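Following: one structure in structure tokens, then a few remarks.
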């Protein structure tokens, strides 16, 4: 309280002397600023005020007296929940940014800010409505309501005649738009992407100046008829084709200037190749990214699905192609044809009918390829790499270049047999395999010279075992996830270049560490073991891993204890971060630790004071979900601690007054769900503390500002949060 009063006095002196004639005041990112003095109203000449990313929770009513203010920036003021009605007195305000605040409603008086041109409300997650008075903002040109909970747009929006941009992306509660939207004659950009909008009013086609209609990934099931009336439209990001989908395909075909991105959704199985050919995709030269949603065409008994996809062939300028829910048995020739020489990304997601991949190996610019859900695909053979033909000249035959020469990322699932071609994938950097339970390990390419990241998920143990014979000299990251039959790590060497190994959800894995330390993994920095309940290791000999900085052991058998060798020479002195989840440390810990997380330890009853006293470099300590832990070590907590987090420890109590006295560098202290903590230690918390957070605890009442029994112990701390609310 004294600190706040002191700040208020200084502020008044500043306003009275230094700031009285100021035109610009920038207090952005002043994290200790929680209040704005009422004397702000004395700054009669102020035009620009930036309070972004501060901790203020309200704007003084006197703000209305700053009559010359033109720009007010309040973005990322995470405690700000409302504006004063006096905001309507700012007659010269042109720019108001409230994005990423906790604003719940906009004052009705906002309609009196007649000169407002730009209103930013994006990511105001508590905002559910706009006042009807928004229709009085005659000069408003830009309105951003993206990622809000807005449920409807006021009908009065029609009166905002100068509005040019209306952004409503990711509005998950917005399902309709008013018919009056068609009166916005100057609107050029309407963004409804990823919103819950189900239908657009037909009046949208009256927006003669509209150039961008972004509706991708929305819930729209139809496009307003007569969309072709929008002569300036160059970005229509989604078109729906179906029996009752509004605009017909011929209309879409006439929109020749569409550019960049288009998503086409076919909802009706009655649509055939003759119908979709009217879309004239092949003539739309400006489209660079094409997404085809073919859910409505899934019966390929008469090759209808293949014919539909064939007629949706894009212009050769295409760079990214996504096909989802394709039900054809095979792909048309244009998918993978060398004439599509600019394509960089291909994503194929099919239904159960497809049993053959398109020929993609000769696409010269292809960098990323994802192939999903080919349930009937039994073999990936030569047809995947090349059509088998060679181009000839007048003298002789031109040799076919190595397949996939530019590919850098390959992701696939459910392959059973993979025949690879020598020289292929020479630039591949990332390989991800999913649900390939029948894939033989011998199918993996023997040499991938550029591979840096390998992810193996729900795949046969043979694939993991085959890593010992493969040459991947650039490999840095290896992830093995939910390989349920895997019992041991590969017997052999992995590349010395490897820096990260993650093993997760391998239920039958019995052994690991002996194989890990056998390799010359001199560059291994991160080792994570999660969800391997049968792993037998009790002692983790890590001394040969001389570069290891982070070790995470989570969800191994909770009845076993994890121990580390006592001899210092057997421990990597580089280790700075240790996470133990559902496993207990039996002996000491590496003295080099700076970060320690103990999580979900049902058998942990106490913390060894001697062990913690030796952790002289420990800075971050987090303890979660330890139901039997009652006390912290007396005078045993490392003096070096800067951050302490205690959550879900139902029996924790502060044993004596000295628990925190020696923590002279502690900056952040968080307590949550510790119901036995009735009060803080008798001594006040360290003066070094800059932030205290308490939630779900009886301490909430004891720490109430100016009233709680423990207030005197914490009032010196600049930032105090009780149940996420700042005091």
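Residue numbers (this note's numbering): 9 to 735.
Where is the CB? At the ideal position from N, CA and C, for every residue including glycine.
Model, not experiment: these values are computed from the prediction.
Exercise for review: Can you grab the Cα-Cα spacing for the pair residue 615 / residue 638, in whole Å?
Suggested key: 9 Å
**Study point:** Residues that DSSP places opposite residue 444 in a beta bridge
**Key:** Looking at the DSSP assignment, residue 444 forms no beta bridge with any residue, so it has no partner.
Review point. What is the DSSP secondary structure of residue 392, counted as helix, strand or coil?
Key: helix
Review point. Which whole-angstrom value is the C-beta distance of residue 96 and residue 117, which I expect to be below 8 Å?
Key: 3 Å
Check your understanding: With residue 702 and residue 730 assumed to form a contact (beta carbons below 8 Å), what rounded beta-carbon distance in angstroms separates them?
Key -> 5 Å
Point to revise | residue 511 to residue 496 span [Cα, whole Å] | key: 11 Å
Check your understanding: Measuring CB to CB, does residue 232 end up less than 8 Å from residue 208?
Key -> yes
Exercise for review: Output the boundary residues of the beta strand (DSSP E) element that contains residue 140.
Suggested key: Here residue 140 belongs to no beta strand (DSSP E), and DSSP marks it neither H nor E.
Point to revise | Whole runs of the beta strand (DSSP E) within the stretch 604-678, excluding any shorter than 3 residues | key: 628-632 and 651-655
Check your understanding: Among the residues of its own chain, which have a CB less than 6 Å from the CB of residue 608, if the five just before and after it don't count?
Key -> 589, 590 and 633
Review point. Residue 426 by DSSP, collapsed to three states: which one?
Key: strand
Point to revise | residue 479, buried or exposed, once every other Cβ within 10 Å from all chains shown has been counted against 16 | key: exposed
**Study point:** Coil, strand or helix - residue 708 by DSSP
**Key:** helix
Practice item. Measure from the alpha carbon of residue 613 to the alpha carbon of each residue in 641, 630 and 604, then state which is nearest. Key: 641
Practice item. Mark residue 262 as exposed unless 16 or more other C-beta atoms lie within 10 angstroms of its C-beta, in which case mark it buried. Key: exposed
Check your understanding: Would you say residue 491 and residue 467 are within 8 Å of each other, going by their C-beta atoms?
Key -> yes
Point to revise | Minimum C-alpha distance to residue 376 - residue among 342, 416, 348 and 366 | key: 416
Exercise for review: Check each candidate in 420, 408 and 735 and name the one with the smallest Cα separation from residue 429.
Suggested key: 408
Review point. DSSP state of residue 179, grouped into three classes?
Key: coil
**Study point:** Beta-carbon gap between residue 728 and residue 700 smaller than 8 Å
**Key:** yes
**Study point:** the stretch 143-158 in contact with the stretch 167-187 per 3-pair CB rule at 8 Å
**Key:** yes
Point to revise | Of the residues 102, 435 and 82, the one placed nearest residue 38, counting alpha carbons only | key: 82
Practice item. Kindly indicate which three-state DSSP category residue 480 falls into: helix, strand or coil? Key: coil
Exercise for review: Consult DSSP for residue 282 and reduce its assignment to one of helix, strand or coil.
Suggested key: helix
**Study point:** Unbroken stretches of the beta strand (DSSP E), 3 residues or longer, contained in the stretch 303-358
**Key:** 328-334 and 353-358
Review point. Count the other CB atoms within 10 Å of the CB of residue 334; is the residue buried (16 or more) or exposed (fewer)?
Key: buried
**Study point:** C-alpha distance - residue 256 paired with residue 160, whole-angstrom precision
**Key:** 28 Å
Check your understanding: Given a threshold of 16 other Cβ atoms within 10 Å of its Cβ, counted over all protein chains shown, does residue 393 qualify as buried or as exposed?
Key -> buried
**Study point:** Residue range of the beta strand (DSSP E) that includes residue 419
**Key:** 417-421
Practice item. Please say whether residue 239 and residue 269 have beta carbons closer to each other than 8 Å? Key: no
Exercise for review: Determine, using beta carbons only, whether residue 1 and residue 143 come nearer to each other than 8 Å.
Suggested key: With the chain represented from 9 up to 735, any question about residue 1 goes unanswered, as that position is not in the structure.
Point to revise | Bounding residues of the alpha helix (DSSP H) (the contiguous stretch that carries residue 262) | key: 257-262
Review point. According to DSSP, is residue 291 helix, strand or coil?
Key: helix
**Study point:** Closest Cα partner of residue 507 within the set 487, 498, 533 and 517
**Key:** 533
Review point. Between residue 602 and residue 587, is the Cβ-Cβ spacing less than 8 Å?
Key: no
**Study point:** Range of the contiguous beta strand (DSSP E) that encloses residue 472
**Key:** No beta strand (DSSP E) holds residue 472; the alpha helix (DSSP H) holding it covers 469-473.
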